[in-house]
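Below is one structure, written out as structure tokens, with a few remarks after it.
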Amino acid sequence: MDSTVSLKSTRRQTLSKKLRKVPAYTILTLVTVLISIPFIYLIVTSLKLDIEYQSWPIRFFPATPQWGNYAEVFHPRHRIFRYAGNTLFLALAQTGLSILTSSMGGYAFARFRDVPGRNRLFSIVIALLILPAMVTIIPQFIVFSRVGITNTYWPWILWGVGGSAFTIFLFRQFFLSFPKELEDAAEVDGCNPFRIYWQIFLPNTKPALATAFIFGFSAVWGDWFTPVIYLSHRNTTLPVVIASAFVNPQGQALVTVTLAASVIYTLPLILIFFLGQQHILKGVVTSGLKG
Amino acid sequence: MSKAPFRLSRRQSRTAWFYVFVSPWLLGLVFLTIFPVAIGLLTSFTNYDGLNLPTVRWVGLRNYNRAFTVDQDALFSFRQTLRWTALNLPAWMTLSFILALILNQDVKGRGFFRTAYYLPSVMPAVALVWVWRIILDRNVGLLNAFISLFRPNTAIPWLTTYALPGLTMIAVWTGLGWGMVIFLAALQGIPDELVEAARIDGASNIRIFRHVTLPLMTPVIFFVLINGLVSSFQQYVLPQLLTAGAQISGVPPRSVYLSLTHVNLQFFAFQRFGYGTALLWLLFVAIVVITIAVFKTQRFWVYSEADEEGK
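Keeping their order, the protein sequence lines are chains A and B. Position one of the first sequence corresponds to residue 24 (this note's numbering), numbered consecutively onward. Position one of the second sequence corresponds to residue 7 (this note's numbering), numbered consecutively onward.
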């Protein structure tokens, strides 16, 4: 694909051809600038004093960068480490469990094609892919609050165990492409199906594992709604705490400090994005997953 | 221990293993989806308030009636959702598509631009909303400051009266990457031979776009449209964070008082579980009906190879 493109371009690289691309580059650059401005403005404003941020006419850059805002985020009063720890625990627990059970499901749907009832169950997986999330979130809340597991981390564990239709689908697509001989040889050697899945199939699906991890982790890390409805302020997560402004001991809002906290809160996801970019973009294309 | 009194045939053993593998998901399906949805359906016919079981009464269709009679906000929020969808969806889809078209040309740095455009989608909702609070703020926001360069002392209330265009800006900014990645992948999947053949036949770029590229893109446009519709109708978190003080019991301004906002307020502000679930199912039915309606239009504009062979 790419090689034909570059061949074509060397063949026809005349000046007029280059000039014709000026509008394209102009638009691309303009859009890049428009897209970056909010990021840049977040960072520069996170380095201002609150009075600086609230003054008019505004000045884009801080008079002197207030690196203290970033130190203030970690002040014991804000208990940032505890909330970050809660968020990390929930994200890792739910994603880890979900990857385990969903990859088992994906393996079953891909490699046990002769089993009765398989097709009907798989059409349920497909139906769940399209089902709007709101249809289950609120009814689950009604049940969970009746069962008395609000204000615990059980909902996240249960969601993890139940797996996700997207992840099942993702793993199924991967497992479908494995050669039949791989399984047969292991079976002749006396491996039971669980060992075949665990020792032969799973270790060979690193791209699927990465994709499932990135999307699962980001979803829990970024989720504001479920911790708000399930957890009390003591054991809640980072997004809930950052959603409203941090306050100083006198109860005054610290807007620019909260902006610094948002930057810190976003960094892990940006890092994961750069590390796993090709998996993310491929995941988006193959399964229609949203970041 | 002696051996089991019977031996499973290979087929039986494979069936057993299959169900072992899918059992966690299957249990989740029963207890986390089917059971709660059934309870939710039952709840919609009661006066349940989330707390008191002894006073729960069967009220028949009263909750459903209420949505069309007493509670004017129900239909108002639905109309507002339609407005939001009509504003957001075309803007977002058109811009993503144009960007994908440009990136599909022979441009240098395609990877860089694709990454840059996708980056906003990575940002979690809460951080996103902080970014846009400081941009859309009426008094000290960056956007009004920029407009003030041309029209001094502009103070457009982007977070209240004009929250709908404000929200659209945010949604486009975050959604651009996702749409563009999908469209670009589809554009790159169009066989070069088709475009070359049309060019050899003397077709202009506009004609190639109109008669080759666009028809081949319609299945993907359809997919993105359905996806966008379903998520537009479920928009709740962004307006809640942006304009309702990030509280689940907070009420957003009328301009972004959307269907799911109204539904969730029933639960988390008024403890009306019965009525809330009834509204939830009505919204779900609306989404299904609109999705089916869009599916029905498919044969008029979505290209499929089967059709083409029949001609």
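Cβ coordinates follow ideal geometry from the N, Cα and C atoms, glycine included. Keep in mind it's a predicted model, so treat the numbers as computed, not measured.
- Comparing alpha-carbon positions, the option among A:W179, A:F198 and A:Y106 lying closest to G128 of chain A turns out to be A:F198.
- As the crow flies, the alpha-carbon of G299 of chain A is around 10 Å from that of L292 of chain A.
- Between the alpha carbons of I45 of chain B and N233 of chain B lies a distance of about 27 Å.
- Ranked by Cα distance from T87 of chain B, the options B:R305, B:T267 and B:F274 are led by B:T267.
- Contact note: M99 of chain B does not reach chain A at a C-beta cutoff of 9 Å; the least C-beta distance is about 14 Å.
- The alpha-carbon of T160 of chain B is positioned some 9 Å away from that of L149 of chain B.
- In the DSSP assignment, H217 of chain B falls outside any alpha helix (DSSP H) and carries neither an H nor an E.
- Around the beta carbon of N94 of chain B, 16 or more other beta carbons sit within 10 angstroms, so the residue counts as buried.
- Look at V270 of chain A here: in three-state DSSP terms it is strand.
- Counting C-beta pairs closer than 8 Å gives fewer than three between the region 87 to 107 of chain A and the region 117 to 124 of chain A, which falls short of the contact rule.
- When the beta-carbon positions are compared, S265 of chain B and S83 of chain B come within less than 8 Å of each other.
- Annotation for S168 of chain A: the continuous alpha helix (DSSP H) segment containing it runs M157 to V170.
- For T283 of chain B, at least one C-beta of chain A is nearer than 8 Å to its own C-beta.
- Rounded to the nearest angstrom, the Cβ distance from P42 of chain B to T190 of chain A is 20 Å, too far for a contact under 8 Å.
- At least one CB atom of chain B sits nearer than 8 Å to the CB of Y64 of chain A.
- Under the Cβ distance rule, L181 of chain A counts among the residues neighbouring chain B, one pair being separated by less than 8 Å.
- Using a Cβ-Cβ distance cut-off of 8 Å, the region 15 to 29 of chain B and the region 138 to 155 of chain A are in contact, since at least three pairs of beta carbons, one from each stretch, lie closer than that value.
- Taking 7 Å as the Cβ-Cβ cut-off, the region 256 to 267 of chain A approaches chain B at P262, I265, A266 and S267, given in chain order.
- Annotated three-state conformation of T175 of chain A is coil, per DSSP.
- Contact between P80 of chain A and A151 of chain B is confirmed by a C-beta separation of about 7 Å, below the 8 Å threshold.
- The shortest CA-to-CA distance from L220 of chain B to any of B:G195, B:I141, B:L244 and B:S238 is the one to B:G195.
- The bridge partners DSSP lists for W64 of chain B are B:T52.
- The residue among A:T279, A:Q301, A:G306 and A:T52 with its C-alpha nearest the C-alpha of Q89 of chain A is A:T279.
- With a contact defined as Cβ atoms closer than 8 Å, W182 of chain A and V243 of chain B miss out at about 18 Å.
- One thing to note: G306 of chain A has its Cβ no nearer than 8 Å to the Cβ of T259 of chain A.
- Using a C-beta cut-off of 8 Å, the region 70 to 84 of chain B makes contact with the region 281 to 288 of chain B, since at least three inter-stretch Cβ pairs fall below that distance.
- Around L292 of chain A, the beta-carbon contacts reaching into chain B at under 8 Å are V128, M129 and P130.
- Going by C-alpha positions, Y76 of chain A is about 23 Å away from T167 of chain B.
- In the DSSP assignment, no residue is bridged to L53 of chain A.
- Listed along the chain, the chain A residues whose CB falls inside 8 Å of the CB of Y123 of chain B are V54, T55 and I58.
- The C-alpha of L111 of chain A lies about 40 Å from the C-alpha of S19 of chain B.
- Identification of residues in the region 38 to 53 of chain B having a C-beta nearer than 9 Å to some C-beta of chain A yields L38, T39, F41, P42, V43, A44, I45, G46, L47 and T49, given in sequence order.
- Counting the other CB atoms within 10 Å of its CB gives N58 of chain B a total below 16, which places it among the exposed residues.
- In this chain, the alpha helix (DSSP H) harbouring Q18 of chain B covers R16 to G34.
- Around the beta carbon of S200 of chain A, a 10 Å sphere encloses fewer than 16 other beta carbons of the protein chains shown; the residue is thus reported as exposed.
- Residue contact check for Q111 of chain B against chain A: a CB pair falls below 8 Å.
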